[in-house]
Amino acid sequence: MKKYARVFRYVGQYKTDAVLYILFIALSIIFSLASLGMLFPFLEMLFNGEKPGTSGFVSNTDNPTVLYVRELLKKSIEGPAGKSGTLGIICLFIIASIFLKNIFLYLAYYILNPLKNKIVNRIRNELYEKILHLPVGYFTEKKKGDVISRMTNDVSEVEYSVVGTLEGWIRDPLTIIITLAFLLFISPILTLFVFICIPVVGFVIGRITKSLKRQSQEVAVRYAESVSILDETLTGLRVIKAFNSEMLLKAKFIRNNEEMLQVRNKIGYRRDLASPMSEFMGVIIFTGILYFGGRLVLANEFNLTGSLLLTYLGVFYNMINPTKTLSTSFSNMRKGAAAIDRIEEILKAENLVDDNPNGIQLESFNHSIELRNVGFSYDDVEILKNINLKIEKGKTVALVGSSGAGKSTLADLIPRFHDVSTGELLIDGVNIRDYSLRSVRDKISIVTQEPILFNDTIERNIRLGKQDATEEEIQAAARVANAYDFITKKEAGFQTNIGDRGSKLSGGERQRLTIARAVVKNPPILILDEATSSLDTESERLVQDAINNMMQNRTSIVIAHRLSTIRHADEIIVLQKGEIVERGTHQELMQKQGYYWKLVQMQEVK
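Each residue of the sequence shown is one higher than the one before, starting from 243 at the first, in this note's numbering.
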């Protein structure tokens, strides 16, 4: 049960609800048994006819319960009520018991359903919160579709298979335990026979459901793969159509779907077998009790009367359905265990870039950012090595080099998307790990090569950098980003919805919105990651003008693809295979005629 510890922990946080549920369920079971228990006096009257106290099957018994009930019946029949009145009292008692049973059953569900919904909500919230807090590097090895699948399909599986059967974990075992106690009270010898048979039923059900977890895990993987294919299809639809690759993607999706269908069918066969098998074995035990008990009645052994045997059988038959439901719950739990494992994998993932709870607040950036002998490795691959760099406040430093040289990785160290593997990164002379992570990122704005926007209005996308920004600040940021004119030409202006990932805007417009978002935050440090490399000439000029406006009086780290945009940088750092191979101003590096000079020549030839 260790794998379900998280669900049980959530239940423990709502102790009052859990206790009330158990209490109401117990009362509903007791009143259900009370109604069945009235079979005995009813049958006693039918069997005895005019002579209460003499059973139609067996006349002699020293069972105190039997003797007590017979005495009550005798007094009732001989009293004013008579035989008909006594039957009426028994029937009214049965109706009252069933009414109370259902009242308490409704109250139990009234408590349980919100409790189950709270548990599922907690799982979703914790999973999303964990995804937000995990470092960027964690998702480089994960398919986006797989993460989405865990957030949607696996949580739904837990909701249905584990949390959905929460009532079965409590109600059915409680029903079986209370019923067995009642059966033990009626006839210890018959109940001993039942106890011998129960482990056999448990063994058979366990064998049937044994492979459900492994097969469910396979289904989850296949489902995640289908979500990944769908995500890639929606993202790359233009390319797919341009290269006439529809049939290729269709075949890939159908093949994955067929494999998932086969495993789902196997799971269905095993899961659906558990319930009828448990019912069949329950009937076998019922028949065994009927035969074994019948022989005891005929032999007049163990104080067992005919009416008591029939009452016992009625109560036992009432236990078959909870046993069947419990077996279904057990198989569903086995199936849901795979989904819990996949969710736990994310929830328990180590956050390598964790916040310092006692960190220093970076109130203001005053002097410099410094990297001392910094190295960075990922999965035992060395990406940066022996980086020594000091960026003074108000200066612009450009990072250049071929693809894979480590430019973006170096820039990602500054907002702590990754932590250095060796050496140290200092802000104003203090190790970045000693600061509060939030306070560090408050001082930084980033503009990436691919504009990252959200399906919302222009205003809310700009406001993302500063939630309490005034309307004047948003408009001022838009002007700095050269975005104000095109925004005001939109029908709804700043309230225009830009569509999924900004699909309703051109590339240049999207990039200028990301610049406005960075400006409204008004940070002292800017990181520009090839912000103009994917734009046409006109858009590039507008965006570059916006960048130049934004960089005034700020410390800037610029990753440059087009070297013409960084000629006025205070220092240019040339990276090659994770190491600094050259550094200096544009004029100094051109005079050296080294690696930077070659890069410039290649671009000029183009």
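Just so it is clear, CB atoms sit at the ideal spot from N, CA and C, and this is done for glycine as well. Remember, predicted model here, so these are calculated numbers, not experimental data.
* Same chain, Cβ closer than 6 Å to E666, five either side skipped, listed in chain order -> The residue you call residue 666 lines up with position 424 of the sequence shown. Answer for E666: R614, N673, listed in chain order.
* **Nearest neighbour of Q709, chosen from D684, N724, S571 [CA to CA]** => Locating residue 709 in the sequence shown gives position 467, counting from the first residue. Answer by Cα proximity: D684.
* With DSSP run on the structure shown, which of helix, strand or coil describes T565? -> On the sequence shown, position 323 is the one that residue 565 refers to. Three-state result, T565: helix.
* Asked: Starting from V761 and walking both ways along the alpha helix (DSSP H), at which residues does that stretch end?
  -> Numbered from 1 along the sequence shown, position 519 holds the residue referred to as residue 761. Run containing V761: 749 to 763, per the alpha helix (DSSP H) assignment.
* To do: Have a look at I353 and F341 and give me their C-alpha separation to the nearest angstrom.
  => Taking the first residue of the sequence shown as position 1, residue 353 is located at position 111. Taking the first residue of the sequence shown as position 1, residue 341 is located at position 99. C-alpha separation (whole angstroms): 19 Å.
* Asked: Given a threshold of 16 other Cβ atoms within 10 Å of its Cβ, counted over all protein chains shown, does T382 qualify as buried or as exposed?
  -> Here residue 382 is taken as the residue at index 140 of the sequence shown, counted from 1. Exposed, by the Cβ-count rule.
* Is the Cβ-Cβ distance between H660 and P377 less than 8 Å? -> Position 418 of the sequence shown, counting from 1, holds the residue named residue 660. Position 135 of the sequence shown, counting from 1, holds the residue named residue 377. In contact: H660 and P377 (Cβ atoms closer than 8 Å).
* Looking at V253 and I361, is the spacing between their C-beta atoms short of 8 Å? -> For the purposes of this step, residue 361 is taken as the residue at position 119 of the sequence shown. For the purposes of this step, residue 253 is taken as the residue at position 11 of the sequence shown. Result yes, Cβ atoms of I361 and V253 sit closer than 8 Å.
* If you run the structure through DSSP and keep just helix, strand and coil, what is K372? -> Translated into positions along the sequence shown, residue 372 becomes position 130. Here K372 sits in helix by DSSP.
* To do: Measure from the C-beta of C439 to each C-beta in chain C and report whether the shortest distance is under 8 Å.
  => Considering every chain present, this structure includes no chain C. It has just one protein chain.
* Asked: Considering A640, what are the terminal residues of the beta strand (DSSP E) in which it resides?
  -> As a position in the sequence shown, residue 640 is number 398, starting the count at 1. Where A640 is concerned, the enclosing beta strand (DSSP E) stretches over 638 to 642.
* CA-CA distance, I337 and T553? -> Translated into positions along the sequence shown, residue 337 becomes position 95. Translated into positions along the sequence shown, residue 553 becomes position 311. Their backbone Cα atoms lie some 17 Å apart in a straight line.
* Where D621 falls: helix, strand or coil (DSSP) -> Counting from 1 along the sequence shown, the entry for residue 621 is found at position 379. Three-state result, D621: coil.
* To do: Report buried or exposed for Q655, applying the criterion of at least 16 other Cβ atoms within 10 angstroms of its Cβ.
  => Sequence index remark: in the sequence shown, residue 655 carries index 413 (1-based). In the sequence on display, residue 655 carries Leu and not Gln. Classification for L655: buried.
* Count the other CB atoms, across all protein chains shown, that sit within 10 Å of the CB of E401; report buried if there are 16 or more and exposed otherwise. => Here residue 401 refers to the residue found at position 159 when the sequence shown is read from its first residue. Buried.
* In its own chain, which residues sit with a C-beta less than 8 Å from the C-beta of K632, not counting the 5 before and 5 after it? -> The residue labelled residue 632 in the question sits at position 390 within the sequence shown. So the list reads S610, I611, E612, L613, once near-sequence residues are dropped.
* Beta-carbon proximity of A758 to A711, cut-off 8 Å -> Taking the sequence shown and counting its residues from 1, the one referred to as residue 758 is at position 516. Taking the sequence shown and counting its residues from 1, the one referred to as residue 711 is at position 469. In this structure, A711 does not lie closer than 8 Å to A758 by Cβ.
* Which word fits T730, buried or exposed, when buried means at least 16 other C-beta atoms lie within 10 angstroms of its C-beta? -> Residue numbering aside, residue 730 sits at position 488 when the sequence shown is read from its first letter. Result: exposed.
* So is Y838 buried or exposed if we call it buried at 16+ other beta carbons inside 10 Å? -> Start at 1 with the first residue of the sequence shown, and residue 838 comes out as number 596. When all chains shown are included, Y838 counts as buried.
* **Spatial neighbours of N628 in its chain, beta-carbon cut-off 7 Å, leaving aside the 5 residues before and after** => Your numbering for residue 628 matches position 386 in the sequence shown. For N628, where only same-chain residues beyond five positions count, the Cβ hits under 7 Å are N615, G617, E821.
* **Test item: CB-CB of E368 and L589 under 8 Å** => Counted from its first residue, the sequence shown places residue 368 at position 126. Counted from its first residue, the sequence shown places residue 589 at position 347. Yes, these two residues count as a Cβ contact at 8 Å.
* Count the other C-beta atoms from every protein chain shown that fall within 10 angstroms of the C-beta of F273, then say buried if there are 16 or more, exposed otherwise. => Locating residue 273 in the sequence shown gives position 31, counting from the first residue. Buried, because 16 or more other Cβ atoms sit within 10 Å of the Cβ of F273.
* To do: Note down the Cα distance separating K649 from Y380, rounded to an integer number of angstroms.
  => Numbered from 1 along the sequence shown, position 407 holds the residue referred to as residue 649. Numbered from 1 along the sequence shown, position 138 holds the residue referred to as residue 380. Distance between the alpha carbons of K649 and Y380 is about 19 Å.
* **Simplified DSSP state of D661, which is helix, strand or coil** => If you number the sequence shown from 1, residue 661 lands on position 419. In this structure, D661 counts as coil in the three-state DSSP scheme.
* **Buried or exposed by the 16-neighbour rule on C-beta atoms within 10 Å, applied to S561** => Here the question's residue 561 lines up with position 319 in the sequence shown. One detail in the question is off: residue 561 reads as Met in this sequence, not Ser. By the 10 Å Cβ count, M561 comes out buried.
* Identify which residue in T475, V397, F558 has its Cα closest to the Cα of A423. => Translated into the one-based positions of the sequence shown, residue 423 becomes position 181. The shortest C-alpha separation from A423 is found at F558.
* Rounded to a whole number of angstroms, what is the C-alpha to C-alpha distance between R658 and N697? -> Along the sequence shown, read from residue 1 onward, the residue named residue 658 stands at position 416. Along the sequence shown, read from residue 1 onward, the residue named residue 697 stands at position 455. The alpha-carbon atoms of R658 and N697 are separated by roughly 27 Å.
* **Contact under 8 Å by Cβ, V461 with R506** => The residue labelled residue 461 in the question sits at position 219 within the sequence shown. The residue labelled residue 506 in the question sits at position 264 within the sequence shown. Their beta carbons are under 8 Å apart, which means V461 touches R506 by this criterion.
* Asked: Can you give the Cα-Cα distance for F544 and L357, rounded to whole angstroms?
  -> Translated into the one-based positions of the sequence shown, residue 544 becomes position 302. Translated into the one-based positions of the sequence shown, residue 357 becomes position 115. Cα to Cα, the separation comes out at about 46 Å.
* Using beta-carbon positions only, say whether T699 and F728 come within less than 8 Å of one another. => In the sequence shown, the residue the question calls residue 699 occupies position 457. In the sequence shown, the residue the question calls residue 728 occupies position 486. No, the pair does not count as a contact, with Cβ atoms beyond the cut-off.
* Ordered along the chain, which non-local residues of its own chain (more than five positions away) have a Cβ less than 8 Å from that of I531? -> What you label residue 531 is simply residue 289 of the sequence shown in a count that begins at 1. Contacts found: L432, F435, V436, Y554, L555, F558.
* What does a CB cutoff of less than 6 Å around S470 pick up in its chain, not counting 5 residues either side in sequence? -> On the sequence shown, position 228 is the one that residue 470 refers to. So the qualifying residues of the chain are K385, G387.
* **Whole-angstrom distance between S571 and F266, CA atom to CA atom** => Reading the sequence shown from its first residue, position 24 is the one you call residue 266. Reading the sequence shown from its first residue, position 329 is the one you call residue 571. Rounded to whole angstroms, F266 to S571 spans 20 Å at the Cα level.
* E521 versus N563: straight-line alpha-carbon distance, rounded -> In the sequence shown, the residue the question calls residue 521 occupies position 279. In the sequence shown, the residue the question calls residue 563 occupies position 321. So the two alpha carbons sit approximately 7 Å from each other.
* Asked: Under the three-state reduction of DSSP, which class applies to R796: helix, strand or coil?
  -> Counting from 1 along the sequence shown, the entry for residue 796 is found at position 554. Coil.
* Asked: Just the Cα atoms here: how many angstroms apart are I418 and T565?
  -> Sequence index remark: in the sequence shown, residue 418 carries index 176 (1-based). Sequence index remark: in the sequence shown, residue 565 carries index 323 (1-based). Their backbone Cα atoms lie some 7 Å apart in a straight line.
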